[in-house]
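Visitor:
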Amino acid sequence: MELLNTFFVAPFASMFGSPLFLAEVIIGGLLTGVLYSLVALGFVLIFKASGVFNFSQGAMVLFAALTLVGLMERGVPVWLALALTVLVMIALAWLIERLMLSRLVNQEGIILFMATIGLSFLLEGFGQIFWGSNVKRLDIGIPNESIHLAGIPINQFDLFAALMAAGVVALLAVFFQKTPTGRALRAVADDHQAALSIGIPLQRIWLIVWSVSGFVAIIAGVVWGAKSGVQFSLSLIALKALPVLILGGFTSVPGAIVGGLIIGVGEKIAEIYWGPVLGGAIENWFAYMLAMVFLMFRPQGLFGERIIERI
Amino acid sequence: MSAASPEKLLQVDNVSLSFGGVQALSEVSFDVHRHEILAIIGPNGAGKSSMLNVINGFYHPQRGSITYKGQTRKAMRPHLAARQGIARTFQNIALFKGMTALDNIMTGRNLKMKVGFLLQALHLGPARREEIEHRLHVERLIDFLEIEAIRKTPVGRLPYGMQKRVELCRALAMEPDLLLLDEPMAGMNVEEKEDMCRFILDVNDEFGTTIILIEHDMGVVMDISNRVVVLDYGCKIAEGTPDEVRANKQVIDAYLGVG
Numbered sequence: 070m071e072l073l074n075t076f077f078v079a080p081f082a083s084m085f086g087s088p089l090f091l092a093e094v095i096i097g098g099l100l101t102g103v104l105y106s107l108v109a110l111g112f113v114l115i116f117k118a119s120g121v122f123n124f125s126q127g128a129m130v131l132f133a134a135l136t137l138v139g140l141m142e143r144g145v146p147v148w149l150a151l152a153l154t155v156l157v158m159i160a161l162a163w164l165i166e167r168l169m170l171s172r173l174v175n176q177e178g179i180i181l182f183m184a185t186i187g188l189s190f191l192l193e194g195f196g197q198i199f200w201g202s203n204v205k206r207l208d209i210g211i212p213n214e215s216i217h218l219a220g221i222p223i224n225q226f227d228l229f230a231a232l233m234a235a236g237v238v239a240l241l242a243v244f245f246q247k248t249p250t251g252r253a254l255r256a257v258a259d260d261h262q263a264a265l266s267i268g269i270p271l272q273r274i275w276l277i278v279w280s281v282s283g284f285v286a287i288i289a290g291v292v293w294g295a296k297s298g299v300q301f302s303l304s305l306i307a308l309k310a311l312p313v314l315i316l317g318g319f320t321s322v323p324g325a326i327v328g329g330l331i332i333g334v335g336e337k338i339a340e341i342y343w344g345p346v347l348g349g350a351i352e353n354w355f356a357y358m359l360a361m362v363f364l365m366f367r368p369q370g371l372f373g374e375r376i377i378e379r380i
Numbered sequence: 028m029s030a031a032s033p034e035k036l037l038q039v040d041n042v043s044l045s046f047g048g049v050q051a052l053s054e055v056s057f058d059v060h061r062h063e064i065l066a067i068i069g070p071n072g073a074g075k076s077s078m079l080n081v082i083n084g085f086y087h088p089q090r091g092s093i094t095y096k097g098q099t100r101k102a103m104r105p106h107l108a109a110r111q112g113i114a115r116t117f118q119n120i121a122l123f124k125g126m127t128a129l130d131n132i133m134t135g136r137n138l139k140m141k142v143g144f145l146l147q148a149l150h151l152g153p154a155r156r157e158e159i160e161h162r163l164h165v166e167r168l169i170d171f172l173e174i175e176a177i178r179k180t181p182v183g184r185l186p187y188g189m190q191k192r193v194e195l196c197r198a199l200a201m202e203p204d205l206l207l208l209d210e211p212m213a214g215m216n217v218e219e220k221e222d223m224c225r226f227i228l229d230v231n232d233e234f235g236t237t238i239i240l241i242e243h244d245m246g247v248v249m250d251i252s253n254r255v256v257v258l259d260y261g262c263k264i265a266e267g268t269p270d271e272v273r274a275n276k277q278v279i280d281a282y283l284g285v286g
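Okay, here's the thing in structure tokens:
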């Protein structure tokens with residue numbers, strides 16, 4: 070009875086006891102969740118458009134952030150540095166296509182996956198050789214202070230990051246669903262050979278996909294980097310994206326967004342209301358726990374395509 | 028146009044192709060005339076699909092050459108072939124399974140779209156106009172192949188015969204000069220076969236498309252093709268009108284298995 074009370078009654082009682090505080094927790098969770106979504110989105114884009122599970126997405130986030138900070142440290146103004154970073158990521162996409170993907174046409178997904186693991190080591194190594202491996206501060210001029218909306222404090226920076234992420238997501242959704250290039254991307258994802266037979270140039274498509282995901286990596290890198298410093302652990306964000314993907318489904322852009330939000334809110338609530346009961350630090354494993362439950366009951370995720378094998 | 032006489036659309040010269048120790052094609056030569064329907068027949072493993080794959084550039088032969096529209100090449104390349112008006116369907120249907128029938132067919136128009144992809148991304152003015160224009164063309168084809176009802180259905184859910192039809196439609200959306208059909212009627216019932224025959228004849232007639240098809244159903248081959256090329260163990264053993272081929276001693280032997 071005592072146990073039931075501490076697990077199932079007391080937390081809810083305190084939630085509804087101070088709704089304003091609950092709202093603050095939820096908003097904080099949503100804002101963090103948007104950032105998770107952003108990283109997960111990079112995975113989904115490449116997976117949808119080329120059938121490759123890109124393990125190096127996290128390393129790309131680190132690489133992009135390192136490049137940006139490195140340039141800024143050498144006195145390049147923010148906007149120019151951003152533009153240069155975009156160019157660097159496009160060049161990187163081109164190199165990846167030339168040196169890696171073009172040699173692996175028509176290979177199994179697992180082979181491509183292995184190649185991206187190699188790529189992530191390469192990017193982590195190179196990034197740190199070029200720009201050094203100490204923690205760097207990234208300041209893009211957005212104040213890290215709270216504003217009050219209807220009595221609820223909201224971190225200005227988080228709000229800015231969330232708005233930016235929302236903008237990127239909207240742009241990408243239109244691009245993928247409504248444009249001929251988006252259609253070609255989805256075609257390549259489905260069937261390389263058929264795509265070739267109708268004259269879709271694989272090379273250009275891959276260049277576009279990897280550039281776009283490099284672009285997403287920059288945004289994720291800037292936001293995370295400004296929040297917690299640019300350092301090696303940025304590439305570990307990729308691990309946080311995995312439960313988001315399992316929740317949302319690997320093939321769904323809306324899934325990545327909703328999955329990120331659920332995990333953001335879920336772990337904040339779990340930490341604050343159930344944390345004390347379980348001895349704290351729930352935030353670190355809650356997402357994985359949730360992912361495991363999903364794997365048991367709904368392996369395709371909330372929005373993923375259900376796999377039906379015809380026999 | 029100097030080397031080949033103008034009525035030849037495609038000329039295959041002494042093409043040999045092997046995979047390791049397996050000789051898939053040896054010194055195969057034949058011509059394809061404009062506006063004709065040419066059937067390639069032969070027992071299983073005779074090299075028929077390999078021949079189509081050579082023509083659209085999936086396979087690169089070790090020897091021989093391919094002359095298409097007067098240009099001689101050692102080998103084609105798939106997206107070059109597509110650009111130059113060669114479209115194809117596959118033996119095991121290669122559609123984009125997650126996409127709707129309409130989206131699948133629209134991908135066939137991708138090569139014809141000229142608006143740059145930045146404008147597309149913004150989804151504005153010229154890009155929108157272009158999309159509508161191509162959609163009109165595609166709708167006419169959908170009418171033509173009688174698949175109006177399944178436009179918005181993801182192709183993975185369609186029955187086999189319908190998938191074949193969508194695949195044909197996607198190929199036609201490219202407005203090809205040369206259409207390669209790899210067993211367009213395999214696995215169909217009689218009624219579906221009759222429909223497909225009608226479509227192939229109509230395409231040839233109305234759009235003037237030259238067609239090369241691989242087919243196992245001899246009735247169909249004899250009915251719809253102008254000429255027939257027979258392959259056996261990678262070699263061409265006969266070529267001619269359906270009647271000539273039917274009477275050919277070697278062909279009869281190959282099919283009945285005279286050892």
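Heads up: the protein sequence lines correspond to chains A and B, in order. When the letters of the first sequence are read in order and numbered with my numbering, they come out as residues 70 to 380. When the letters of the second sequence are read in order and numbered with my numbering, they come out as residues 28 to 286. Glycine included, every Cβ here is placed at the ideal spot set by N, Cα and C. Quantities reported herein were computed from a predicted structural model and do not represent experimental measurements.
1. In whole angstroms, what is the alpha-carbon distance linking residue 80 of chain A and residue 209 of chain A?
2. By the three-class DSSP mapping on this structure, what secondary structure does residue 262 of chain A have?
3. Rounded C-beta distance between residue 107 of chain A and residue 234 of chain A? I'm assuming under 8 Å.
4. Give me the residue from B:77, B:245 and B:118 with the minimum Cα distance to residue 194 of chain B.
5. Check residue 162 of chain B in the structure and name its three-state DSSP category.
6. For chain B, find out if any of its Cβ atoms is closer than 8 Å to the Cβ of residue 266 of chain A; answer yes or no.
7. List the residues of chain B whose Cβ lies closer than 7 Å to the Cβ of residue 253 of chain A, in chain order.
8. Go ahead and pull the three-state DSSP assignment for residue 209 of chain B.
9. Under 8 Å, with one C-beta from each stretch per pair, do the region 62-73 of chain B and the region 104-115 of chain B reach the 3-pair mark?
10. For the beta strand (DSSP E) containing residue 339 of chain A, name the first residue and the last one.
11. Using a Cβ-Cβ distance under 8 Å, would residue 227 of chain A count as near chain B?
12. Using DSSP with H/G/I as helix, E/B as strand and the rest coil, what is residue 57 of chain B?
13. Roughly how many angstroms separate the alpha carbons of residue 324 of chain A and residue 209 of chain B, rounded to a whole number?
14. Applying the criterion that 16 or more other CB atoms from any shown protein chain within 10 Å of the CB defines a buried residue, is residue 88 of chain A buried or exposed?
15. Where does residue 32 of chain B sit, in a helix, a strand or coil, going by DSSP?
16. Run the CB neighbour count on residue 354 of chain A, radius 10 Å, all protein chains shown included, and call it buried at 16 or more, exposed below.
17. Which term fits residue 30 of chain B, buried or exposed, when burial requires 16 or more other beta carbons within 10 angstroms of its beta carbon?
18. I need the straight-line Cα distance from residue 101 of chain A to residue 116 of chain B, nearest angstrom please.
19. If contact is defined by three or more beta carbon pairs under 8 Å, each pair taking one atom from either stretch, is the region 191-199 of chain A in contact with the region 119-139 of chain A?
20. When you compare only the Cα positions, how much space is there between residue 39 of chain B and residue 79 of chain B?
21. Let's see if you can read the secondary structure: which residues bound the beta strand (DSSP E) around residue 370 of chain A?
22. Give the straight-line distance between the Cα atoms of residue 145 of chain A and residue 362 of chain A, rounded to the nearest whole angstrom.
23. Within a Cβ cutoff of 6 Å, which residues of the same chain sit near residue 207 of chain A, ignoring the five residues on either side of it in sequence?
24. Quickly, what does DSSP pair residue 49 of chain B with across the bridge? List them, please.
25. Under 8 Å: do the region 77-94 of chain B and the region 213-232 of chain B share three or more Cβ pairs, one atom per stretch?
26. Would you mind stating whether residue 276 of chain A and residue 257 of chain A have Cβ atoms separated by less than 8 Å?
27. Where residue 182 of chain A and residue 236 of chain A are concerned, what is the direct C-alpha to C-alpha distance, given to the nearest angstrom?
28. Out of curiosity, what's the CA-to-CA distance linking residue 177 of chain B and residue 84 of chain A?
29. Using the C-alpha atoms, what's the distance from residue 36 of chain B back to residue 186 of chain B?
30. Quick one: which chain B residues come within Cβ less than 8 Å of residue 270 of chain A?
31. Counting only Cβ pairs nearer than 8 Å, list the residues of chain A close to residue 110 of chain B.
32. Which word fits residue 154 of chain A, buried or exposed, when buried means at least 16 other C-beta atoms lie within 10 angstroms of its C-beta?
Guide: This is what the structure gives:
1. Residue 80 of chain A sits at position 11 when you count from the first residue of the first sequence. Residue 209 of chain A sits at position 140 when you count from the first residue of the first sequence. Their Cα atoms are separated by approximately 39 Å.
2. Along the first sequence, one-based indexing puts residue 262 of chain A at 193. The answer is helix: DSSP assigns residue 262 of chain A an H, G or I state.
3. Along the first sequence, read from residue 1 onward, the residue named residue 107 of chain A stands at position 38. Along the first sequence, read from residue 1 onward, the residue named residue 234 of chain A stands at position 165. Rounded, the Cβ-Cβ distance is 5 Å, consistent with contact.
4. Translated into positions along the second sequence, residue 194 of chain B becomes position 167. The shortest C-alpha separation from residue 194 of chain B is found at B:118.
5. The residue labelled residue 162 of chain B in the question sits at position 135 within the second sequence. Reduced to three states, the DSSP call for residue 162 of chain B is helix.
6. As a position in the first sequence, residue 266 of chain A is number 197, starting the count at 1. Yes, residue 266 of chain A counts as interfacial toward chain B.
7. The sequence position of residue 253 of chain A within the first sequence is 184, counting from 1. Correct list: 134 and 137.
8. In the second sequence, the residue the question calls residue 209 of chain B occupies position 182. Three-state result, residue 209 of chain B: strand.
9. no
10. Position 270 of the first sequence holds residue 339 of chain A. Run containing residue 339 of chain A: none; DSSP gives neither H nor E here.
11. Here residue 227 of chain A refers to the residue found at position 158 when the first sequence is read from its first residue. No, its Cβ sits nowhere closer than 8 Å to a Cβ of chain B.
12. Looking up residue 57 of chain B in the second sequence gives position 30. Strand.
13. Against the first sequence, residue 324 of chain A aligns to sequence position 255. Against the second sequence, residue 209 of chain B aligns to sequence position 182. About 38 Å.
14. Within the first sequence, the letter at position 19 stands for residue 88 of chain A. Answer is exposed; the Cβ neighbour count stays below 16.
15. Here residue 32 of chain B refers to the residue found at position 5 when the second sequence is read from its first residue. Low local confidence applies: a pLDDT of 48 at residue 32 of chain B is under 50, so the model's placement there is unreliable, with the coordinate-based value given in what follows. Three-state result, residue 32 of chain B: coil.
16. For this step, residue 354 of chain A is matched to residue 285 along the first sequence. Its Cβ having fewer than 16 others within 10 Å, residue 354 of chain A is exposed.
17. Counted from its first residue, the second sequence places residue 30 of chain B at position 3. Any reading at residue 30 of chain B needs caution, since the residue's pLDDT is 46, under 50, leaving its predicted position unreliable; the model's value is listed next. By the 10 Å Cβ count, residue 30 of chain B comes out exposed.
18. Numbered from its first residue, the first sequence carries residue 101 of chain A at position 32. Numbered from its first residue, the second sequence carries residue 116 of chain B at position 89. Residue 101 of chain A and residue 116 of chain B: Cα-Cα distance of roughly 48 Å.
19. yes
20. By 1-based counting over the second sequence, the position of residue 39 of chain B is 12. By 1-based counting over the second sequence, the position of residue 79 of chain B is 52. Between residue 39 of chain B and residue 79 of chain B, the C-alpha separation is close to 11 Å.
21. Your numbering for residue 370 of chain A matches position 301 in the first sequence. Neither: residue 370 of chain A is in no beta strand (DSSP E) and is coded neither H nor E.
22. Here residue 145 of chain A is taken as the residue at index 76 of the first sequence, counted from 1. Here residue 362 of chain A is taken as the residue at index 293 of the first sequence, counted from 1. Distance between the alpha carbons of residue 145 of chain A and residue 362 of chain A: 47 Å.
23. As a position in the first sequence, residue 207 of chain A is number 138, starting the count at 1. These residues qualify, in order along the chain: 138, 294, 295 and 299.
24. Looking up residue 49 of chain B in the second sequence gives position 22. In the DSSP output, where bridge partners are listed per residue, residue 49 of chain B has B:46.
25. no
26. Here residue 276 of chain A corresponds to residue number 207 of the first sequence, with the count starting at 1. Here residue 257 of chain A corresponds to residue number 188 of the first sequence, with the count starting at 1. No, the Cβ-Cβ distance between residue 276 of chain A and residue 257 of chain A is not below 8 Å.
27. Within the first sequence, the letter at position 113 stands for residue 182 of chain A. Within the first sequence, the letter at position 167 stands for residue 236 of chain A. Cα to Cα, the separation comes out at about 29 Å.
28. In the second sequence, the residue the question calls residue 177 of chain B occupies position 150. In the first sequence, the residue the question calls residue 84 of chain A occupies position 15. So the alpha carbons of these two residues sit roughly 50 Å apart.
29. Taking the second sequence and counting its residues from 1, the one referred to as residue 186 of chain B is at position 159. Taking the second sequence and counting its residues from 1, the one referred to as residue 36 of chain B is at position 9. Between residue 186 of chain B and residue 36 of chain B, the C-alpha separation is close to 35 Å.
30. The residue given as residue 270 of chain A occupies position 201 in the first sequence. Here the neighbours are 106.
31. Mapped onto the second sequence, residue 110 of chain B falls at position 83. Those are 268, listed as they occur along chain A.
32. On the first sequence, residue 154 of chain A is found 85 positions in, with the first residue counted as 1. With 16 or more other Cβ atoms within 10 Å, it is buried.
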